[in-house]
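Reading through the structure tokens given below for one structure.
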Amino acid sequence: MTTFGLPFDDPEPNGARRAPETARPEPPGLPASRGPAPQPEPDVDDEPIHPERHIFTVSELTADIRSLLEAQFFEVWLQGELSNCRLWNTGHLYFTLKDAGAQIRGVMFRSAVRLLKFKPQDGLHVIARGRVGVYEAKGEYQIVCEHIEPEGLGALQLAFDQVKQRLASEGLFDPARKRPLPVLPRKIGVVTSLDGAAIRDIVKVLRRRYANAHIVIRPTRVQGEGAAAEIARALAAIGAVDGVDVVIVGRGGGSIEDLWAFNEEAVARAIAACPVPTISAVGHETDVTIADFVADLRAPTPSAAAEMVVARKDEVAARIDRLAQRIDAATRGRLYRVESRLRALDARGGYAGFSGRLAMRGRHVGELSHELRRVMHARLMQRERASQALRLSLERLDLRRRLADVGGRLRAADAALAARMAQRRLARQARLGRAVAQLESLSPLAVLGRGYAVCWNADRTAVLHAADEARPGDRVQVTLGRGELDCEVRAASPDRRTPPPEG
Amino acid sequence: MDPTIKDFETAIAELESIVKKLEEGDLPLEGSLQLYERGVQLSRYCHARLEDAERRIEVLNERGQLKPAPDALSDDEDAGTARGR
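Line by line, the protein sequences are chains G and E.
Note that the numbering used here numbers the first sequence so that position 435 is 441, with each residue one more than the last.
Note that the numbering used here numbers the second sequence so that position 85 is 89, with each residue one more than the last.
The following block contains the structure:
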């Protein structure tokens, strides 16, 4: 390879450099053995040097240097460490490449910077391809790079790591940011290519598992230059659609370059900014992209994403059914307990005691029968009210009509419930009938007819139970089987039992 | 839809709390019947919601308009074979 030395060997056309041949001897001539030769040696060529001396202007020399360097180094590969990296507002990247012994300034113009996958950083060891350029105004030379790639790791891997690290440090992958998917999505947003396999897979799965799914697709390119920006715009657009409450973003499988858009920061940020939970579904199971880290949920494939969204419909339907069944069972239990109480109020329980005592304690017959009537009436009224309330409630519920909508199982259960309620009402009415008949048979008149009497206070507001409820001189009323007696108490003997009426 | 029901998820949550109250069982009859009624209403709402999503596929275009999806996508049968990548 030729070297910088070349120019100096290159004879100028005007022969200005003829001198060297003869001038050279000068240094060798330094064997100053000749001593301080006061005047130029009597060299033949001594004289002509001055007249033939070529004097460059700075510009001329610089221009020469420039044309030499730029011609010589129009394409070089250069290895070194990046330092002083600065990305200017203009989009151009300025830096220095160095190794242990030297450094060279470098620049990369915006058009080339845009194509870089990774972000140049100080300290990175890189291999750059470019040409040497001379900036005459400053007398500086630099390497103008067309391409830079990280040494060692591939550029893509480095880019991936860089974006991942940057977003992680901002907390975009924080588990606390992950939002739960809606239990039941209203509209499912999909951001992907209309032509790819992914959209067909997603639609197919959604249709299979949730036939009435409402899907809104925002088509976008998913690979190639500018795809990332397009995906980001699509995410923003679909997140704004009214009713969309979950979004799937992704594409089918491909090479790492094909999937690259999903590793770009723009897409990651758009996912983070999406107002509704977002599922990433990029490539195959083994493909992991930056989008996966940011998304609320990562699906291994587009089909799997669709399953994640609608697997829930089945679950939810079952869950509602279970809840409805439990409500139904609890309510039936409640009604059953009410039934039991009503039954307890029924005749048998209610006046068994009365009739028993009635038989044994003749003196209370009148009182008892009066009480009996009162109690029976009160209880019948009470039960009637309860029964009425229950009936009203049931009517209001209109079990059959409402439950008809809830679904098969529930419907069957409710029909059974209604049937049972009706059956019990009938049974209750029958019991009521029997109770009334029994009550009739216990008519106080019939008892009084057998010789029992009821003793009332004077104004007939209370039945006398004990002798000390009356004093000598009090008036009392006595009801007999036929007619009444208006009596005056002559004496009251609390301790003595009245002789048996038939004694 | 019933204005007292906010959305599907709150309906489910309310259903669950009703089940809990009813199963504890110490409510007056009238109260539990009211809860029952509410429960039926909620489960009906939920089932309706499960079914009422519209079976529809739309495409959101660049101008923000919603258009019906191409037939190839809307068809139940996968028509993808007719489409290039």
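Built from N, CA and C at the ideal position, the CB exists for glycine as well.
All figures in this text were calculated on a predicted structure; none of them were measured in a lab.
Give the DSSP-derived three-state secondary structure of serine 286 of chain G in the structure shown.
If DSSP states are grouped into helix, strand and coil, serine 286 of chain G belongs with the strands.
What do you reckon, are the CB atoms on isoleucine 285 of chain G and aspartate 264 of chain G nearer than 8 Å?
no
Cβ shell of arginine 477 of chain G (< 8 Å), same chain only, five flanking positions each side left out
Val495, Ala498
Applying the 10 Å Cβ sphere with the 16-neighbour rule, what's the burial state of glycine 177 of chain G?
With fewer than 16 other Cβ atoms from the protein chains shown falling within 10 Å of its own Cβ, glycine 177 of chain G counts as exposed.
Pull out every residue of the segment 302-325 of chain G whose Cβ sits closer than 8 Å to any Cβ of chain E, in chain order.
Lys319, Val322, Ala323, Arg325
For arginine 239 of chain G versus alanine 204 of chain G, is the C-beta spacing smaller than 8 Å?
Contact: no.
So is glutamate 55 of chain E buried or exposed if we call it buried at 16+ other beta carbons inside 10 Å?
Around the CB of glutamate 55 of chain E, fewer than 16 other CB atoms lie within 10 Å, so the residue is classed as exposed.
Can you determine whether any heavy atom of the ligand PLP sits closer than 7 Å to the C-beta of leucine 329 of chain G, and answer yes or no?
As presented, the structure is devoid of all ligands, the ligand PLP included, so that no description of it is given.
When you compare each of G/Arg215, G/Val222, G/Pro181, G/Ala217 to leucine 200 of chain G by their alpha carbons, which one comes out closest?
G/Val222
Looking at histidine 60 of chain G and glutamate 87 of chain G, is the spacing between their C-beta atoms short of 8 Å?
no
Span of the beta strand (DSSP E), counted from its first residue to its last, around serine 89 of chain G
82-93
Indicate the three-state DSSP secondary structure (helix, strand or coil) for phenylalanine 166 of chain G in the structure shown.
helix
Along the segment 204-226 of chain G, what residues have a CB closer than 8 Å to any CB found in chain E?
Ile205, Arg206, Val209, Lys210, Arg213, Tyr216, Ala217, Asn218, Ala219, His220, Ile221, Val222, Ile223, Arg224, Pro225
Helix, strand or coil for isoleucine 133 of chain G per DSSP?
strand
Show which residues of chain E have a CB atom less than 9 Å away from the CB atom of threonine 198 of chain G.
Those do not exist, as threonine 198 of chain G stays about 11 Å from chain E at its closest Cβ, beyond 9 Å.
Whose C-beta lies closer than 7 Å to the C-beta of proline 34 of chain G among residues of the same chain, with five residues either side of it excluded?
Low confidence applies here, because proline 34 of chain G scores a pLDDT of 44, under 50, leaving its location unreliable; read the following figure in that light. Excluding sequence neighbours, proline 34 of chain G sits near nothing in its chain.
Of all the options G/Ala106, G/Leu122, G/Ile149, G/Ser73, which has the alpha carbon lying nearest to the alpha carbon of glutamate 81 of chain G?
G/Ile149
Where the segment 174-188 of chain G meets chain E: residues whose CB sits under 9 Å from a CB there
Pro188
Quick one: what does DSSP say tyrosine 40 of chain E is sitting in, helix, strand or coil?
helix
For isoleucine 262 of chain G, which of helix, strand or coil comes out of DSSP?
coil
Just how far apart, CA to CA, sit threonine 226 of chain G and valine 197 of chain G?
So the two alpha carbons sit approximately 7 Å from each other.
Should glycine 107 of chain G go down as buried or exposed, given a rule of 16 or more other Cβ atoms within 10 Å for buried?
exposed
Using a Cβ-Cβ cut-off of 8 Å, state whether leucine 329 of chain G counts as contacting chain E.
yes
Output the boundary residues of the alpha helix (DSSP H) element that contains valine 211 of chain G.
Counting along the chain, the alpha helix (DSSP H) containing valine 211 of chain G begins and ends at 203-215.
Between the segment 279-297 of chain G and the segment 237-255 of chain G, are three or more C-beta pairs nearer than 8 Å?
yes
Output yes or no for whether 8 Å exceeds the beta carbon distance between alanine 161 of chain G and phenylalanine 101 of chain G.
no
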